[in-house]
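S.K.: Just remember that our numbering sits 2 ahead of the position in the sequence shown, which is counted from 1.
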Amino acid sequence: MTKTAKSISIRKEHFSFKNTLLFNADTLNSGLFDEEFADIIVTSPPYNVGIDYNSNDDELSYEHYLEFSEQWMKNCYLWSKSQARFCLNIPLDKNKGGHRAVGADLTKIAQKVGWQYKTTIIWNEGNISRRTAWGSWKSASAPVIITPVELIVVLYKHEWKKTNGSKISDITGDEFKDWTQGVWVFNGESKKRIGHPAPFPKELPNRCIKMFSYVDDMVFDPFAGSGTTLLVAQGLNRKSIGVELDSRYCELIKNRFLKEMGVLNFETDKNSTTD
Ligand SMILES: C[S@@+](CC[C@H](N)C(=O)[O-])C[C@H]1O[C@@H](n2cnc3c(N)ncnc32)[C@H](O)[C@@H]1O
Numbered sequence: 003m004t005k006t007a008k009s010i011s012i013r014k015e016h017f018s019f020k021n022t023l024l025f026n027a028d029t030l031n032s033g034l035f036d037e038e039f040a041d042i043i044v045t046s047p048p049y050n051v052g053i054d055y056n057s058n059d060d061e062l063s064y065e066h067y068l069e070f071s072e073q074w075m076k077n078c079y080l081w082s083k084s085q086a087r088f089c090l091n092i093p094l095d096k097n098k099g100g101h102r103a104v105g106a107d108l109t110k111i112a113q114k115v116g117w118q119y120k121t122t123i124i125w126n127e128g129n130i131s132r133r134t135a136w137g138s139w140k141s142a143s144a145p146v147i148i149t150p151v152e153l154i155v156v157l158y159k160h161e162w163k164k165t166n167g168s169k170i171s172d173i174t175g176d177e178f179k180d181w182t183q184g185v186w187v188f189n190g191e192s193k194k195r196i197g198h199p200a201p202f203p204k205e206l207p208n209r210c211i212k213m214f215s216y217v218d219d220m221v222f223d224p225f226a227g228s229g230t231t232l233l234v235a236q237g238l239n240r241k242s243i244g245v246e247l248d249s250r251y252c253e254l255i256k257n258r259f260l261k262e263m264g265v266l267n268f269e270t271d272k273n274s275t276t277d
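#1: Which runs of the beta strand (DSSP E) at least 3 residues long sit entirely within the region 141-207? Give them in chain order.
#2: Is residue 54 near ligand 1, in the sense that its beta carbon is under 7 Å from a heavy atom of that ligand?
#3: What residue range does the beta strand (DSSP E) around residue 111 cover?
#4: Per DSSP, which one or two residues make a beta bridge with residue 125?
#5: Kindly examine ligand 3 and report whether one of its heavy atoms sits closer than 7 Å to the Cβ of residue 58.
#6: Can you look up residue 135 in the DSSP assignment and give me helix, strand or coil?
#7: For the candidate residues 103, 237, 138, 246, whose alpha-carbon lies nearest to that of residue 208?
#8: Helix, strand or coil for residue 94 per DSSP?
#9: Any beta carbon from chain B within less than 8 Å of residue 196's own beta carbon?
#10: Ends of the beta strand (DSSP E) at residue 22?
#11: Can the beta-carbon of residue 86 be found closer than 8 Å to that of residue 36?
#12: Could you give the C-beta distance for residue 201 and residue 175, rounded to a whole number, given that I count them as a contact under 8 Å?
#13: Starting from residue 237, trace the alpha helix (DSSP H) in both directions and tell me its first and last residue.
#14: Taking the alpha-carbon of residue 252 as reference, which of 34, 57, 205 has the nearest alpha-carbon?
#15: Put residue 53 into one of helix, strand or coil per three-state DSSP.
#16: Going by C-alpha distance, which of 67, 60, 82 is nearest residue 43?
#17: Looking at C-alpha atoms only, which residue of 54, 244, 45, 55 is the closest neighbour of residue 71?
#18: My understanding is that residue 127 touches residue 156, with C-beta atoms under 8 Å, so please give their C-beta distance in whole angstroms.
#19: Checking the sheet assignment: what are the DSSP bridge partners for residue 79?
#20: In terms of DSSP beta bridges, what is residue 223 paired with?
#21: Under 8 Å, with one C-beta from each stretch per pair, do the region 109-119 and the region 175-189 reach the 3-pair mark?
#22: Within its chain, find whatever has a CB closer than 8 Å to the CB of residue 197; leave out the 5 residues flanking it on each side and keep chain order.
#23: When DSSP builds the beta bridges, which residues end up paired with residue 45?
#24: Could you check what DSSP says for residue 119 in three-state terms: helix, strand or coil?
#25: Whole angstroms are fine: how far does the CA of residue 89 sit from the CA of residue 104?
#26: By the DSSP assignment, the alpha helix (DSSP H) with residue 253 in it spans what residues?
Shown next, in the form of structure tokens:
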């Protein structure tokens, strides 16, 4: 594992396994890492829709949520290499508690802090729950439109053309043909099965990592959640670092690795040091 920071007490290494490293820490803290290490970020931040996460408030005022978004995206920019790609899974919009163009607002903030815009992939979730709110039924007075998709906004730091890294791609021809079409259709993940309130399915990081990074690149997820990005990265022979605020979710990630990778001897709960 590469050296990523000094020994500092603001983060705690929860576990390391082969090329994966998980920190129980706060992504808002800009001092968490002191170098540009990420080749690709694949993440889904809290959506501010009132989800009952253990450790963070998911019902901020919209202004406060935008400030939160600006801070973590700025940190990710600092921690990314010059040719890094940033795959940001966010909602298109928000209909509860005021109608907001979340996707457009967060895309604008990402660009404000320095990220350059490349494209947006629409993720059409096949198994999204059925709607119940119509607004004004069969009347033009105030109909409500619900679009059951999420976005994967793709950005990059300085240059889109990737000249660094192993240059080894592992995407097949069929996958490339399919995934360069910007509407992706696959099911969401079950919260119950994973034991986390908002996991994304493995297919999401799988496509982003294979499409936008080389074997052996460093994948970063600043909101590791149940560890989906880290598990997929490990399986695809990438290095990865995750940050997760909640210690119970860190434990969940460790247990997913234990179950899915058949790992028995983690190095756990060391104070932070990757030196
Ligand atoms: C949408 S979930 C990520 C789910 C993840 N993609 C998965 O597949 O499991 C967002 C996660 O961010 C974590 N989180 C919220 N605020 C954080 C912060 N400031 N720093 C690090 N993690 C945070 C929450 O505890 C939650 O697990």
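Beta carbons are placed, not taken as given, at the ideal position from N, Cα and C, and that holds for glycine.
Nothing here was measured: the structure is a model prediction, and the numbers come from that model.
M.R.: In brief:
#1: 151-158, 185-187
#2: Walking along the sequence shown from the start, residue 54 turns up at place 52. False, no ligand heavy atom lies under 7 Å from that Cβ.
#3: As a working mapping, residue 111 is identified with position 109 in the sequence shown. Here residue 111 belongs to no beta strand (DSSP E); instead the alpha helix (DSSP H) covers 104-114.
#4: The residue you call residue 125 lines up with position 123 of the sequence shown. Answer is 152, 186, bridged to residue 125.
#5: For ligand 3, the structure offers nothing, since it holds only ligand 1.
#6: Residue numbering aside, residue 135 sits at position 133 when the sequence shown is read from its first letter. Coil, per DSSP.
#7: The sequence position of residue 208 within the sequence shown is 206, counting from 1. Nearest option by C-alpha distance: 237.
#8: Reading the sequence shown from its first residue, position 92 is the one you call residue 94. In the structure shown, residue 94 sits in coil (DSSP, three-state: anything other than H, G, I, E or B).
#9: Protein chain content of the structure displayed is limited to a single chain, and chain B is not contained in it.
#10: For the purposes of this step, residue 22 is identified with residue 20 of the sequence shown, where counting begins at 1. 22-26 is the span of the beta strand (DSSP E), which, as asked, contains residue 22.
#11: As a working mapping, residue 86 is identified with position 84 in the sequence shown. As a working mapping, residue 36 is identified with position 34 in the sequence shown. Not in contact: residue 86 and residue 36 (Cβ atoms no closer than 8 Å).
#12: In the sequence shown, counting from the first residue as 1, residue 201 sits at position 199. In the sequence shown, counting from the first residue as 1, residue 175 sits at position 173. Between residue 175 and residue 201 the Cβ distance is about 30 Å, and since that is not below 8 Å, they are no contact.
#13: In the sequence shown, the residue the question calls residue 237 occupies position 235. Residue 237 -> alpha helix (DSSP H) spans 230-237.
#14: Walking along the sequence shown from the start, residue 252 turns up at place 250. Out of 34, 57, 205, 57 has the C-alpha closest to the C-alpha of residue 252.
#15: Taking the first residue of the sequence shown as position 1, residue 53 is located at position 51. Here residue 53 sits in coil by DSSP.
#16: Residue numbering aside, residue 43 sits at position 41 when the sequence shown is read from its first letter. If we check each option's Cα against that of residue 43, 82 comes out closest.
#17: Along the sequence shown, one-based indexing puts residue 71 at 69. When each option's Cα is compared against that of residue 71, the closest is 45.
#18: Position 125 of the sequence shown, counting from 1, holds the residue named residue 127. Position 154 of the sequence shown, counting from 1, holds the residue named residue 156. 18 Å between Cβ atoms; not a contact.
#19: Residue 79 sits at position 77 when you count from the first residue of the sequence shown. Per DSSP, none; premise fails for residue 79.
#20: Here residue 223 refers to the residue found at position 221 of the sequence shown. Paired residue(s): 244.
#21: no
#22: For the purposes of this step, residue 197 is identified with residue 195 of the sequence shown, where counting begins at 1. If we look at residue 197 and ignore the five residues flanking it on each side, its Cβ neighbours are 228, 254.
#23: Counting from one through the sequence shown, the residue named residue 45 turns up at place 43. The partner list for residue 45 (beta bridge, DSSP) reads 90.
#24: Here residue 119 refers to the residue found at position 117 of the sequence shown. Of the three classes helix, strand and coil, the one that applies to residue 119 here is strand, per DSSP.
#25: Here residue 104 is taken as the residue at index 102 of the sequence shown, counted from 1. Here residue 89 is taken as the residue at index 87 of the sequence shown, counted from 1. Distance between the alpha carbons of residue 104 and residue 89 is about 16 Å.
#26: As a working mapping, residue 253 is identified with position 251 in the sequence shown. Residue 253 -> alpha helix (DSSP H) spans 249-263.
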